[in-house]
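Structure, as structure tokens:
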Amino acid sequence: MHKLLTLCWLGIITIVSTDVYAEEEDSDLPEWAEERIEPFRESVGNWVDNTSRRIDGFFGTDDHMQVNNESYLRFGQEIDWMEGDGTSGDTTLRYRIDLPTSEDRLRLVIESDPEESQGTLEEQGSGRLANDQRDRRSSTLGLDWLESRDKRENWSNRIGAGVRLRLPLDPYVRFTSERLWQLGEGPWQLESNNRVSWFNNEGYSARTRWDIGRPLSESRHLRFITTVQWREEEDKLEYSEIAEINHRINRRSALRYSAIAIGESASNPRMTNYYLQTRYRRDLHKGILFADVIPELHFQRDVSYDPRWAMTLRLEMYFQRKINRDYF
């Protein structure tokens, strides 16, 4: 596996070098594969869009066919490997049904995989959720009330309530508040995202995230992210510090270099994991098919901080009527 990791690192470097100088096209797929994917993508994308607009028309206004609709369906296949733990695979199906005209400020939202079900900060930070920790019954149906405020000028708040769609039904209430500051006359920006929620079956949870960053060039961006999270179900305070550089190689490829530290507990603070991560993401086909290669090097407390390699390989396909090329 170490040889495979070395090859992956070399492969990323080679791909990056090729991306910088190669003539950009819309697809890496052979013509025969493109001929099979496009009709399927268009058919499913139209179905997702038409279904969401019909639901929106039932609850909302006659403008449901004209307004922008952000509903999507995402199908993914990934393989995870962690040194000492072996290899596992997972297939995921996630969706979001957006109903923008249901009310001007009151919006009906149907989505899978809410943030509260996405595991610990360590799992969220690496993007390597363990198979047995994915909640496949986490789809929610709810109403969100949005304030018509610009977060660059005031705190922008959202209050939501609904149910998790499983038996027995799991009611929830959620409050989210966001703010964005421009720091002085310079390029630095500070963003704050805060959430408090309650699920009947899991209790309360709270999370605050502070993200400060600045562009380094037209294609590179520097970020420092501090996150603190508490969930009643685990009764454990978690915190993470992330330093990352995002490099947009071209319009179809991007790299992210991250150094991440994870800790826990308020009364007896301790660091549980340090790791380095590189994520290479490539738009394989016209903004609908993406591939991720994510090598990591972990130093975990429960194995005396001995270095352990990890690797995630992922394919994702997005279905929307209007293709969105900004899934980086």
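For the sequence shown, my numbering begins at 106 and goes up steadily by one. Backbone N, C-alpha and C define an ideal beta-carbon position, used for all residues, glycine too.
Here the stretch 175–184 makes contact with the stretch 195–202; the two share three or more CB pairs at distances below 8 Å. In this structure, the beta-carbon distance from Arg-263 to Arg-279 falls below 9 Å.
When the alpha-carbon of Tyr-379 is set against those of Ser-370, Asp-397, Asp-411 and Leu-389, the nearest one is in Asp-411. With respect to the 9 Å criterion, Ala-359 and Glu-349 are not classified as neighbours on the basis of their beta carbons. The residue from Leu-402, Thr-331, Tyr-309 and Gln-425 with its alpha-carbon nearest to that of Arg-384 is Leu-402. Ser-244 and Glu-290 have their C-alpha atoms spaced approximately 43 Å apart. For Asp-255, the number of other beta carbons within 10 angstroms of its own is below 16, and it is reported as exposed. Here DSSP, grouped into helix, strand and coil, assigns Arg-257 to coil. Arg-269 counts as buried, since at least 16 other C-beta atoms from the protein chains shown sit within 10 angstroms of its C-beta.
Shown here for Gly-265: same chain residues with a beta carbon closer than 6 Å to its own, the five before and five after excluded, namely Gly-247, Asp-249 and Arg-279 in chain order. Annotation: the stretch 369–427 contains the following complete segments of the beta strand (DSSP E) (minimum length 3 residues), in chain order: 375–390, 394–405 and 412–424.
Annotated as distal: Thr-331 and Arg-300, with beta-carbon spacing of 9 Å or more. In terms of CA proximity to Pro-374, Arg-406 leads the group Ile-393, Arg-361, Val-398 and Arg-406. Counting along the chain, the unbroken beta strand (DSSP E) around Thr-281 starts and ends at 275–287.
Restricting attention to Thr-313, Arg-325 and Arg-356, the CA atom closest to the CA of Tyr-344 is found in Thr-313. Between the alpha carbons of Ala-138 and Asn-355 lies a gap of roughly 23 Å.
Under the three-state reduction of DSSP, Pro-144 is assigned to helix. Cβ-Cβ distances below 7 Å link Leu-288 to Gln-294 and Leu-295 in the same chain, with the five nearest sequence neighbours on each side left out; the list follows chain order. Distance from the CA atom of Ile-317 to the CA atom of Asn-298, rounded to whole angstroms, is 12 Å.
In chain order, Ser-132 and Leu-134 place their CB closer than 6 Å to the CB of His-390, counting only its own chain and leaving out the 5 sequence neighbours on each side. The bridge partners DSSP lists for Leu-246 are Ile-215 and Val-268.
In the three-state DSSP reduction, Gly-150 falls in the helix class (H, G or I). For Gly-291, no beta strand (DSSP E) segment is defined, and its DSSP state is neither H nor E.
Bridge pairing for Arg-201: Tyr-177 and Glu-216 [DSSP]. The distance from the Cβ of Glu-337 to that of Gly-308 is about 3 Å, consistent with a contact at the 8 Å cut-off.
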